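Chemist:
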Amino acid sequence: MNIDWAALGSVFGVSLGASVGLVALFTLGIAGLSRRERAVAQGSGGGALAVTGAYACFAACAAAVAYGIYLIVA
Amino acid sequence: MESFSLILAIVVITALAFDFTNGFHDTANAMATTISTGALKPKVAVAMSAVLNLVGAFLSVEVANTISKGLVDESGIRPEVIFAALVGAILWNLLTWLVGLPSSSSHALMGGLIGATVASAGFGAVHGGALITKVLIPAIAAPLVAGIAALFATRLTYSLGKKSDGRAAEKGHRVGQIASAGLVSLAHGTNDAQKTMGIITLALITGGALAPGSNPPVWVIVSAGLAIAIGTYLGGWRIIRTMGKGLTDLQPQQGFAAQTSAATAILASSHLGFSLSTTHVVSGSVMGAGLGRKGGVVRWSTATRMFVAWGLTLPAAALVGAGAEAVTRLGSWGTAAVAVFLVASSAAIWKISRREVVDHTNVNDTHADGTPADGAEEPAGVITQAMAAVTPPPASPVAGDLTVTIPAQASAPAPAATPPAAAV
Numbered sequence: 001m002n003i004d005w006a007a008l009g010s011v012f013g014v015s016l017g018a019s020v021g022l023v024a025l026f027t028l029g030i031a032g033l034s035r036r037e038r039a040v041a042q043g044s045g046g047g048a049l050a051v052t053g054a055y056a057c058f059a060a061c062a063a064a065v066a067y068g069i070y071l072i073v074a
Numbered sequence: 001m002e003s004f005s006l007i008l009a010i011v012v013i014t015a016l017a018f019d020f021t022n023g024f025h026d027t028a029n030a031m032a033t034t035i036s037t038g039a040l041k042p043k044v045a046v047a048m049s050a051v052l053n054l055v056g057a058f059l060s061v062e063v064a065n066t067i068s069k070g071l072v073d074e075s076g077i078r079p080e081v082i083f084a085a086l087v088g089a090i091l092w093n094l095l096t097w098l099v100g101l102p103s104s105s106s107h108a109l110m111g112g113l114i115g116a117t118v119a120s121a122g123f124g125a126v127h128g129g130a131l132i133t134k135v136l137i138p139a140i141a142a143p144l145v146a147g148i149a150a151l152f153a154t155r156l157t158y159s160l161g162k163k164s165d166g167r168a169a170e171k172g173h174r175v176g177q178i179a180s181a182g183l184v185s186l187a188h189g190t191n192d193a194q195k196t197m198g199i200i201t202l203a204l205i206t207g208g209a210l211a212p213g214s215n216p217p218v219w220v221i222v223s224a225g226l227a228i229a230i231g232t233y234l235g236g237w238r239i240i241r242t243m244g245k246g247l248t249d250l251q252p253q254q255g256f257a258a259q260t261s262a263a264t265a266i267l268a269s270s271h272l273g274f275s276l277s278t279t280h281v282v283s284g285s286v287m288g289a290g291l292g293r294k295g296g297v298v299r300w301s302t303a304t305r306m307f308v309a310w311g312l313t314l315p316a317a318a319l320v321g322a323g324a325e326a327v328t329r330l331g332s333w334g335t336a337a338v339a340v341f342l343v344a345s346s347a348a349i350w351k352i353s354r355r356e357v358v359d360h361t362n363v364n365d366t367h368a369d370g371t372p373a374d375g376a377e378e379p380a381g382v383i384t385q386a387m388a389a390v391t392p393p394p395a396s397p398v399a400g401d402l403t404v405t406i407p408a409q410a411s412a413p414a415p416a417a418t419p420p421a422a423a424v
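From first to last, the protein sequence lines stand for chains W and G. Read in the UniProt record's numbering, the first sequence has 30 at position 30, and its numbers run on one by one without any break. Read in the UniProt record's numbering, the second sequence has 205 at position 205, and its numbers run on one by one without any break.
1) Interface residues of chain W around G:L156 at Cβ under 9 Å?
2) Take G:V55 as the anchor and find which of G:W300, G:D359, G:S346 and G:S223 has the nearest alpha-carbon.
3) Pull up the distance between the alpha-carbon of G:G321 and that of G:F341, whole angstroms please.
4) Leaving out five residues on either side along the sequence, give the residues of the same chain with a beta carbon under 6 Å from the beta carbon of G:Q177.
5) Which term fits G:D192, buried or exposed, when burial requires 16 or more other beta carbons within 10 angstroms of its beta carbon?
6) For G:K163, which residues in chain W fall below 9 Å Cβ to Cβ?
7) Using only CA atoms, which one of G:H280, G:K195, G:V99 and G:A303 lies nearest to G:R354?
8) Over the uninterrupted alpha helix (DSSP H) stretch that includes G:P42, give me the two end residues.
9) Flag W:I72 as yes if its beta-carbon sits less than 8 Å from any beta-carbon of chain G, otherwise no.
10) Would you kindly check if the distance between the Cβ of G:T14 and the Cβ of G:L86 is under 8 Å?
11) First and last residue of the alpha helix (DSSP H) that includes G:H360?
12) Run down chain G in chain order and give the residues with a C-beta less than 7 Å from the C-beta of W:G68.
13) Given a cut-off of 8 Å, decide if G:I240 and G:T27 are closer than it, judged by their beta-carbon atoms.
14) Could one say the Cβ of W:A7 lies closer than 8 Å to chain G's Cβ atoms, at least one of them?
15) Are the Cβ atoms of G:F152 and W:L71 separated by less than 8 Å?
16) Report the option in G:A169, G:V81 and G:A289 whose CA atom is closest to the CA atom of G:V327.
17) Mind checking if G:R329 is an interface residue toward chain W, Cβ cutoff 8 Å exclusive?
18) Going along chain W, which residues have a C-beta under 8 Å from residue 487 of chain G?
19) Under 8 Å, do G:N93 and G:H188 count as touching if we go by C-beta distance?
20) For the candidate residues W:A60, W:W5 and W:A54, whose alpha-carbon lies nearest to that of W:A31?
21) Just to confirm before moving on: does the CB-CB distance between G:A89 and G:A181 stay below 8 Å?
22) Bridge partners for G:T248 per DSSP, in chain order?
23) Mind pulling the chain G residues with CB within less than 8 Å of W:L16?
24) Pick out whichever of W:G43, W:S10 and W:V20 has its Cα sitting closest to the Cα of G:A268.
25) Okay, do the stretch 53 to 69 of chain W and the stretch 200 to 212 of chain G touch, 3+ Cβ pairs below 8 Å being the bar?
26) Determine the closest residue to G:K134 out of G:K294, G:W333, G:A347 and G:L276, with distance taken between C-alpha atoms.
27) According to DSSP, is G:D192 part of a helix, a strand, or is it coil?
28) Measuring straight from C-alpha to C-alpha, what distance separates G:G115 and G:S5?
29) Determine the DSSP secondary structure at G:F274, reduced to helix, strand or coil.
30) Can you give me the Cβ contacts of G:T264 inside the same chain, cut-off strictly under 8 Å, excluding the 5 residues immediately before and after it?
31) At 7 Å on the CB atoms, spell out the chain G contacts of W:V65, in chain order.
32) Here's a check: name, in chain order, each residue in its chain whose Cβ is nearer than 6 Å to the Cβ of G:A45, leaving out the five neighbours to either side.
33) Assuming G:S104 contacts G:W310 (C-beta within less than 8 Å), just tell me the rounded distance between them.
34) Considering only C-alpha positions, which residue in the set G:V11, G:L156, G:A211 and G:D359 is nearest to G:L291?
35) Contact criterion: CB-CB distance below 8 Å. Does G:G172 meet it with respect to chain W?
36) Pick out whichever of G:A121, G:G225, G:M48 and G:K351 has its Cα sitting closest to the Cα of G:A57.
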């Protein structure tokens with residue numbers, strides 16, 4: 001019997017890092033979108049940067065999902 | 001396929017039945033959080049999960065043979081042994097579904113296989129080391145890994161998203177949850193449908209209908225994929241309710257964090273070679289998300305019942321598997337007796353389940369865990385627990401049944417399995 005601590009450790013590290021990173025990205029994206037929503041509601045400008053940032057975040061998340069699908073298929 | 005004997009046909013049908021129970025048992029893993037936070041309508045959620053499971057079954061031709069390889073010595077396996085193992089796994093899946101507890105279908109299958117193998121070839125045929133490294137350690141590690149990840153992810157999403165509200169935020173969390181739930185479904189299809197394919201293929205090989213080392217035939221892939229998809233679509237609403245509402249109260253942010261952590265933990269583990277049970281991962285991440293929100297409460301009474309069920313899964317399925325194997329050894333009529341016993345007890349469990357129907361219409365009602373809808377935000381689990389204990393059975397049947405059924409479960413299947421033997 002030998003417990004594969006290295007595999008267990010890397011599963012732990014990767015899970016933690018990837019989930020926190022992804023959730024952070026996605027939350028930032030959402031924050032950007034709702035900032036734009038507020039800006040539009042108030043009729044003031046300044047939403048463009050927020051939206052661009054938001055879509056960059058979502059694109060990164062989409063890439064992560066695509067990588068996940070790649071891992072499943074491969 | 002010329003020598004397709006009756007016993008092989010029975011094994012294949014039983015394996016597909018197990019695949020079916022596996023599907024509806026594990027719908028909760030992918031969809032409980034999406035359903036309880038309202039990101040998807042219940043029926044839509046299970047339909048999506050079913051389709052993705054079906055797709056997943058076809059994605060990979062590499063058979064997930066982890067169950068049949070390494071854990072037990074394959075030389076001692078007859079089709080009857082596999083049949084007995086499946087009987088143990090199916091009954092345990094149905095029992096845990098009846099009381100609404102998420103438990104690992106893979107553990108049930110492994111337990112059944114271990115029990116049946118021990119009964120058939122003695123303890124020497126089971127590799128104790130493999131048991132610890134493949135079953136025990138992952139069972140402890142999975143909820144911790146996913147739980148801690150979900151806890152930090154939840155904390156972060158609340159602190160980063162403090163100023164996010166309104167339509168955009170709502171829609172965003174919905175989409176995020178759906179995407180991660182979809183990933184979990186897809187991964188589940190590739191893993192669990194493959195397990196059944198592996199079992200059927202193994203049975204066909206041991207029964208001499210296939211040459212050793214063959215890939216699963218197309219009809220095996222198609223039928224296993226369909227069985228798991230149909231099971232998923234019918235939905236284990238009882239387990240979904242426990243997972244989505246019973247363990248903690250999930251808000252969209254938490255549901256999103258939990259499901260994302262679960263998806264990454266499942267993918268990381270299957271990719272890095274430390275296989276974790278989907279059920280354990282998702283339960284852990286739901287609890288982690290519950291703890292991550294300020295003022296969030298995890299109902300430890302429900303969680304404890306779930307942990308107990310996890311601990312019992314392997315031994316209980318093993319006991320039934322061993323009993324069933326002993327009976328099948330008596331000859332063809334013994335096998336027939338086990339088959340009749342399986343059908344009868346499945347029917348009985350289904351009948352009992354009709355007393356308190358849980359389906360897509362009431363899956364989000366919270367009274368099952370003793371928590372009335374308006375009491376969900378009350379500070380302490382103590383009150384809700386006390387209510388659960390005091391409320392008469394008709395009002396909280398699941399809570400009432402749980403306390404009764406859990407202790408009984410360990411022994412219930414075993415004596416039930418032995419009477420045919422005793423009657424000889």
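Glycine included, each C-beta is placed from N, C-alpha and C at the ideal position. None of the values given here were measured: they were computed from a predicted structure.
Modeler: Taking the coordinates as given:
1) Here residue 156 of chain G refers to the residue found at position 156 of the second sequence. Neighbours of G:L156 on chain W, chain order: V20, V23, A24 and T27.
2) Stepping through the second sequence from its first residue, residue 55 of chain G is reached at position 55. Answer by Cα proximity: G:S223.
3) The residue you call residue 321 of chain G lines up with position 321 of the second sequence. The residue you call residue 341 of chain G lines up with position 341 of the second sequence. So the two alpha carbons sit approximately 13 Å from each other.
4) To locate residue 177 of chain G, count along the second sequence from 1; it is residue 177. If the five residues before and after G:Q177 are omitted, its C-beta is found closer than 6 Å to the C-beta atoms of T34, A39, G255, F256 and Q259, all from its own chain and listed in chain order.
5) By 1-based counting over the second sequence, the position of residue 192 of chain G is 192. That one is buried.
6) Residue numbering aside, residue 163 of chain G sits at position 163 when the second sequence is read from its first letter. Within 9 Å Cβ-Cβ: A31, S34, R35 and R38.
7) Mapped onto the second sequence, residue 354 of chain G falls at position 354. Ranking the options by Cα distance to G:R354, first place goes to G:V99.
8) Taking the first residue of the second sequence as position 1, residue 42 of chain G is located at position 42. Segment P42 to L59, the alpha helix (DSSP H) holding G:P42.
9) Taking the first residue of the first sequence as 1, we reach residue 72 of chain W at position 72. Yes, W:I72 lies at the interface with chain G (some Cβ there is under 8 Å from its Cβ).
10) Walking along the second sequence from the start, residue 86 of chain G turns up at place 86. Walking along the second sequence from the start, residue 14 of chain G turns up at place 14. Contact: yes.
11) The residue labelled residue 360 of chain G in the question sits at position 360 within the second sequence. Neither: G:H360 is in no alpha helix (DSSP H) and is coded neither H nor E.
12) Stepping through the first sequence from its first residue, residue 68 of chain W is reached at position 68. What W:G68 touches in chain G: L183, A263 and L267.
13) Residue numbering aside, residue 27 of chain G sits at position 27 when the second sequence is read from its first letter. Residue numbering aside, residue 240 of chain G sits at position 240 when the second sequence is read from its first letter. In this structure, G:I240 lies closer than 8 Å to G:T27 by Cβ.
14) Locating residue 7 of chain W in the first sequence gives position 7, counting from the first residue. Yes, its Cβ sits closer than 8 Å to a Cβ of chain G.
15) On the second sequence, residue 152 of chain G is found 152 positions in, with the first residue counted as 1. On the first sequence, residue 71 of chain W is found 71 positions in, with the first residue counted as 1. No, the Cβ-Cβ distance between G:F152 and W:L71 is not below 8 Å.
16) Residue numbering aside, residue 327 of chain G sits at position 327 when the second sequence is read from its first letter. Residue G:V81 is the option with its Cα nearest to G:V327.
17) What you label residue 329 of chain G is simply residue 329 of the second sequence in a count that begins at 1. With 8 Å as the cut-off, G:R329 does not count as an interface residue toward chain W.
18) Nothing in the structure corresponds to residue 487 of chain G, since chain G is present only between 1 and 424.
19) As a first step, residue 93 of chain G is located in the second sequence; it is residue number 93 there, counting from the start. As a first step, residue 188 of chain G is located in the second sequence; it is residue number 188 there, counting from the start. Not closer than 8 Å, so no.
20) Here residue 31 of chain W is taken as the residue at index 31 of the first sequence, counted from 1. That would be W:A54, whose Cα lies nearest to the Cα of W:A31.
21) Mapped onto the second sequence, residue 89 of chain G falls at position 89. Mapped onto the second sequence, residue 181 of chain G falls at position 181. Not a contact, by the Cβ cut-off of 8 Å.
22) Counting from one through the second sequence, the residue named residue 248 of chain G turns up at place 248. Answer by DSSP bridge pairing, in chain order: G:V298.
23) Stepping through the first sequence from its first residue, residue 16 of chain W is reached at position 16. Within 8 Å Cβ-Cβ: V145, I148, A149 and F152.
24) Here residue 268 of chain G refers to the residue found at position 268 when the second sequence is read from its first residue. Comparing Cα positions, the closest option is W:S10.
25) no
26) Reading the second sequence from its first residue, position 134 is the one you call residue 134 of chain G. Checking every option, the nearest Cα to that of G:K134 belongs to G:L276.
27) One-based indexing of the second sequence puts residue 192 of chain G at position 192. G:D192 falls in the helix class under three-state DSSP.
28) Taking the first residue of the second sequence as position 1, residue 115 of chain G is located at position 115. Taking the first residue of the second sequence as position 1, residue 5 of chain G is located at position 5. If I take the Cα positions, the gap works out to 24 Å.
29) Here residue 274 of chain G is taken as the residue at index 274 of the second sequence, counted from 1. Coil at G:F274, not helix or strand.
30) Here residue 264 of chain G refers to the residue found at position 264 when the second sequence is read from its first residue. Excluding the 5 residues flanking it on each side, G:T264 has same chain C-beta neighbours closer than 8 Å at A149, in chain order.
31) The residue labelled residue 65 of chain W in the question sits at position 65 within the first sequence. Per Cβ cutoff of 7 Å: A179 and L183.
32) Along the second sequence, one-based indexing puts residue 45 of chain G at 45. Once the five neighbours on either side are set aside, the close Cβ partners of G:A45 are M31, T34 and I35.
33) Counting from 1 along the second sequence, the entry for residue 104 of chain G is found at position 104. Counting from 1 along the second sequence, the entry for residue 310 of chain G is found at position 310. Confirmed, Cβ separation roughly 7 Å.
34) On the second sequence, residue 291 of chain G is found 291 positions in, with the first residue counted as 1. The shortest C-alpha separation from G:L291 is found at G:L156.
35) Stepping through the second sequence from its first residue, residue 172 of chain G is reached at position 172. Chain W contact via Cβ: present.
36) Translated into positions along the second sequence, residue 57 of chain G becomes position 57. Nearest C-alpha to G:A57: G:G225.
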